[in-house]
Structures are given as C-alpha cells and as structure tokens.
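Peer 1: Okay, handing you the structure first.
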Amino acid sequence: MDAETFMFADYGNTSLNSSLPDGNRTSNDTGVYVQQPGINMLIPIVAYCIMFVVAAAGNVTVLVTLLRVQRKSRVNLLLLHLTIADLIVTFFMIPMEVMWRVTNQWRAGNVMCKLFMVIRAFGPYLSSNILVCITLDRYFVILYPLRISGAMRRGKMMLAFAWAYSFVCAFPQSIVFKVLQHPADPNFHQCVTFGAFFTETQEMLYNIFCLAVIYFIPLSIIIFSYSCILYEISNKSRENAEDYKGGKPVDADKGRIRLRKSDTSTIARAKSRTLKMTITIVVAFIWCWTPYVVMTLWYMLDRTSAQNVDKQLQEILFLMAVSNSCVNPLVYGSYALNLKTNCRRFGIPAFYGNHLRRRSTIEKMFLNPRGSRSM
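So this is what it looks like as structure tokens:
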C-alpha cells in the first residue's frame, strides 16, 4: 500500500467514515504524507466541538429532566435510553474524533483502536434502534389500546433487545479494525481495515450490513409504523364523528375509543400534532443519515469516482450523520416531554422546547398515553 492510502483510510469501510481530513500535506524524506495545521483540518475540528456543545446541552437537559420527573412512565424510560445512546455518541465518539484529527495518526494502541471502533458503531446503532423502540411503542399503544397491561414489560424487552442487538452488530468492528505501522515510517501508526477482507465483495457485504443496521431497517420500521398510526388516528376521528351524528354507544367489543362530543376538536389537534411529529421524526432521520448513506453506497459501487469527492464534503456528510444525536433531544423533547415546564420547575436552562404549549388530555392519549400505571 502506498503512503497516501495508508494515511487516509477508505471512506466506505464499515460504513462509518474513518478518513482523516485532507489538510495541507507535505512529503518528508520517506515519502510519507504528513498533515500540517491548516484551515482544512481546523474546520472539521471546530465543527465537532460545536456539535459536542450542542449535543451535550440538549441531551444533558433531557437527561436531568427525565431523572427528576416524579412519574416514571414507560415513555420516559424509552426517552431516557435514547438520551443515554446519544450521550455515548456525544461524550465518547465526538471527542475521539477530534483527538484523532488533531494527532493525524492513531497513538492509543491496538486495544483502544478496536474498542473505539466498537463504540463508534455502537452509539449510532443504539440510537437508531431505540428510535425504533419508541416507534413500536407508539404503534402498539394506538393500534392496540386494550393491550396496555403488558406495555411496560414489552417496552423493557424492546430496550434490552436494542442494547444487545446493537452491541452484537458493532462487535465485528473489533475484528475488522487494527493498528498498522506505516511501511515507510516505523513511527507512524494508523487504525485501519487493511487486510480485514479477502475480497472487495466481502467488504461490500459488510458495509451493506452496517448500513442496514443503522439506516435501512430502522427507517423502514419507522415509516411503516407511523403510517399505520396516522391511518388509525384518521379512522378513529372519522368513526367518532359518525357515531356522534348517529347517537351510537361505545363499542367496547372492538376496543374502539368513543369520546364526548366536546373532545372532537381535541382529537383533530392530536391528529395534527402526531402528523407533525411523524414528519419531523422521519425528515430528521432522513436528513441526517441519507447523504452519508448515499456517499457510502457510491463509494462501494464506484470507488474511483467517489475518491474524487472533496474530503471536506465527506467530512460534512459524516458530521450530518453524527448530528442526529443533536436533533433527537429537540424532536422527542419537544413532542413527548414538557421540557419548558419541567425545566422551570427544576431550575434547568431550557435549551430546547421553548415553543411547547400545554397539551390536553386527549392529545396526551395519542402522544404520551398514561392511562395506567404500566405506562
């Protein structure tokens, strides 16, 4: 392998960008490319630092709010685990990314190389899969409201599966990555994947697996589940409107919810609010991850042309993917937690959720149901 390919790890390996920023490079007597401090290296470092501050502020605010809320609902438990997943990205992944770019090479040894790469994949995997848990929880609550008795147990089982599944999927990183010494400079080491795959097909299959875990499977479940949720809410709204006109009683056998006529407008607001939350969740996930996924797929299909893409653009795409940990507190904290009220109560700076309004009982039924203690 030549000096440059050793210095700048492949964009697509493990579907998590481990390339270093293409700073101002010079050649020494051994022919090894050495990065010199410059604007191209400084920009991503500053961006990571800003992202760290934003993600830390948002996630810590949500974490403290969740821990101080007296009523421990199932929804709050799910949000707590989502916040922990985002904090793993914030306090482990982002600082290591900054340190790696500052040093230009890997200086923490082979064990830390493998451990860091596992955490590097585990954090985003866990965050994506807990988003799926939250989605499935909403799915069961709204489509099967009479099965609420086992909701807490189901939620804990989904969370346990998400943690175990994410770790199992991230563990191969410890096998794929290792520290190698530069062939022309014994003092230069890098955490790379060279030699981990026997063929390009094996590498492509592994990358596709990683993309499926972090993007394609979660996105498919999220879109399907929220489509069913919106369809069900629409049906309930229409059925209740028809029953009010016909004076029909509650149909308990079918488990349908019949509400007072004064609540019809509230159901409409709940439907609108759920629609907004659905669009926000899906758009945020797609916005953060799709550009990076497209770039990775491009790299796998046509590596030669993909390598011509500006390194700074590659950094931006990876930053967008990592920024999902900044977006999650905004989305779920705004729609599922009354952060503004709780932050004022506990004396916490309200970094997010200043636009929240007080939700009615019916809106909470759709967005944050608390009809029983198991909730």
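Numbering (our numbering), first residue to last: 390 to 764. Don't be surprised by glycine CBs; every beta carbon is placed ideally from N, CA and C. What you are looking at is a predicted structure, and each value in this text was computed from that prediction instead of being measured.
Which residues does DSSP list as the beta-bridge partners of glutamine 591?
Peer 2: The residue labelled residue 591 in the question sits at position 202 within the sequence shown. None, per the DSSP bridge assignment.
Peer 1: Kindly indicate which residue of Leu535, Arg692, Asp526 has the alpha-carbon position closest to the one of lysine 545.
Peer 2: Locating residue 545 in the sequence shown gives position 156, where the first residue counts as 1. Lysine 545 has its Cα closest to that of Asp526, out of Leu535, Arg692, Asp526.
Peer 1: Start and end of the beta strand (DSSP E) containing glutamine 570?
Peer 2: Counting from one through the sequence shown, the residue named residue 570 turns up at place 181. Per DSSP, glutamine 570 belongs to the beta strand (DSSP E) from 567 to 570.
Peer 1: Alpha carbons only, please: which of Gln696, Thr685, Val565, Phe529 is nearest the one belonging to isoleucine 622?
Peer 2: Taking the sequence shown and counting its residues from 1, one reaches residue 622 at position 233. Relative to the Cα of isoleucine 622, the nearest Cα in the group Gln696, Thr685, Val565, Phe529 belongs to Phe529.
Peer 1: Which term fits proline 607, buried or exposed, when burial requires 16 or more other beta carbons within 10 angstroms of its beta carbon?
Peer 2: In the sequence shown, the residue the question calls residue 607 occupies position 218. Answer is buried; the Cβ neighbour count reaches 16.
Peer 1: If you follow the beta strand (DSSP E) that valine 581 is in, where does it begin and where does it stop?
Peer 2: Start at 1 with the first residue of the sequence shown, and residue 581 comes out as number 192. Counting along the chain, valine 581 sits inside the beta strand (DSSP E) bounded by residues 578 to 581.
Peer 1: Between which two residues does the alpha helix (DSSP H) holding tryptophan 552 run?
Peer 2: In the sequence shown, counting from the first residue as 1, residue 552 sits at position 163. Going by DSSP, tryptophan 552 is part of the alpha helix (DSSP H) stretching over 540 to 559.
Peer 1: Check isoleucine 483 in the structure and name its three-state DSSP category.
Peer 2: Residue numbering aside, residue 483 sits at position 94 when the sequence shown is read from its first letter. In the structure shown, isoleucine 483 sits in a helix (DSSP, three-state: H, G or I).
Peer 1: Three Cβ pairs or more, each shorter than 8 Å: is that satisfied between the stretch 585 to 597 and the stretch 535 to 551?
Peer 2: By the Cβ rule, the stretch 585 to 597 does not count as touching the stretch 535 to 551, because fewer than three pairs are nearer than 8 Å.
Peer 1: Using a Cβ distance threshold of 8 Å, determine whether the stretch 453 to 460 contacts the stretch 497 to 516, with at least three qualifying pairs required.
Peer 2: no
Peer 1: With a CB to CB cut of under 6 Å and the five nearest residues on each side skipped, what residues in its chain are close to valine 602?
Peer 2: Numbered from 1 along the sequence shown, position 213 holds the residue referred to as residue 602. Cβ within range, chain order: Tyr514, Cys558.
Peer 1: What number of angstroms, rounded off, separates the C-alpha of serine 694 from the C-alpha of alanine 673?
Peer 2: Against the sequence shown, residue 694 aligns to sequence position 305. Against the sequence shown, residue 673 aligns to sequence position 284. Each residue's alpha carbon lies about 28 Å from the other.
Peer 1: Just to check my reading of the structure: threonine 472 and asparagine 493 have Cβ atoms closer than 8 Å, yes? What is that Cβ distance to the nearest angstrom?
Peer 2: Along the sequence shown, read from residue 1 onward, the residue named residue 472 stands at position 83. Along the sequence shown, read from residue 1 onward, the residue named residue 493 stands at position 104. With a Cβ gap of about 33 Å, threonine 472 and asparagine 493 do not count as contacting.
Peer 1: Which first and last residues belong to the alpha helix (DSSP H) in which alanine 695 is found?
Peer 2: In the sequence shown, residue 695 corresponds to position 306, counting from 1. First-last of the alpha helix (DSSP H) with alanine 695: 692 to 695.
Peer 1: Let me confirm a value: serine 555 is counted as buried when at least 16 other C-beta atoms fall within 10 Å, else exposed. Which label applies?
Peer 2: Counting from 1 along the sequence shown, the entry for residue 555 is found at position 166. By the 10 Å Cβ count, serine 555 comes out buried.
Peer 1: What whole-angstrom Cβ distance do methionine 787 and tyrosine 681 have, given they're in contact under 8 Å?
Peer 2: Outside the shown range of the chain (390 to 764) lies residue 787, about which nothing can therefore be said.
Peer 1: Measuring only the C-alpha atoms, how far is isoleucine 477 from valine 711?
Peer 2: Position 88 of the sequence shown, counting from 1, holds the residue named residue 477. Position 322 of the sequence shown, counting from 1, holds the residue named residue 711. Between isoleucine 477 and valine 711, the C-alpha separation is close to 11 Å.
Peer 1: Report the residue from Cys715, Ile705, His578, Phe566 whose alpha carbon sits nearest the alpha carbon of arginine 509.
Peer 2: Indexing the sequence shown from 1 puts residue 509 at position 120. Nearest C-alpha to arginine 509: Phe566.
Peer 1: Serine 538: buried (16+ other C-beta within 10 angstroms of its C-beta) or exposed?
Peer 2: For the purposes of this step, residue 538 is taken as the residue at position 149 of the sequence shown. By the neighbour-count rule (16 or more Cβ atoms within 10 Å), serine 538 is not buried but exposed.
Peer 1: The alpha helix (DSSP H) that contains aspartate 475, what's its start and end?
Peer 2: Locating residue 475 in the sequence shown gives position 86, where the first residue counts as 1. 463 to 477 is the span of the alpha helix (DSSP H), which, as asked, contains aspartate 475.
Peer 1: Measure how close the beta-carbons of threonine 679 and isoleucine 610 come, nearest whole angstrom, since I'm counting them as under 8 Å.
Peer 2: Within the sequence shown, residue 679 is the residue found at index 290, counting from 1. Within the sequence shown, residue 610 is the residue found at index 221, counting from 1. Actually they are not in contact, since the Cβ atoms of threonine 679 and isoleucine 610 sit about 16 Å apart, beyond 8 Å.
Peer 1: Going by C-alpha distance, which of Val500, Val521, Cys617, Val464 is nearest methionine 541?
Peer 2: Numbered from 1 along the sequence shown, position 152 holds the residue referred to as residue 541. Methionine 541 has its Cα closest to that of Val464, out of Val500, Val521, Cys617, Val464.
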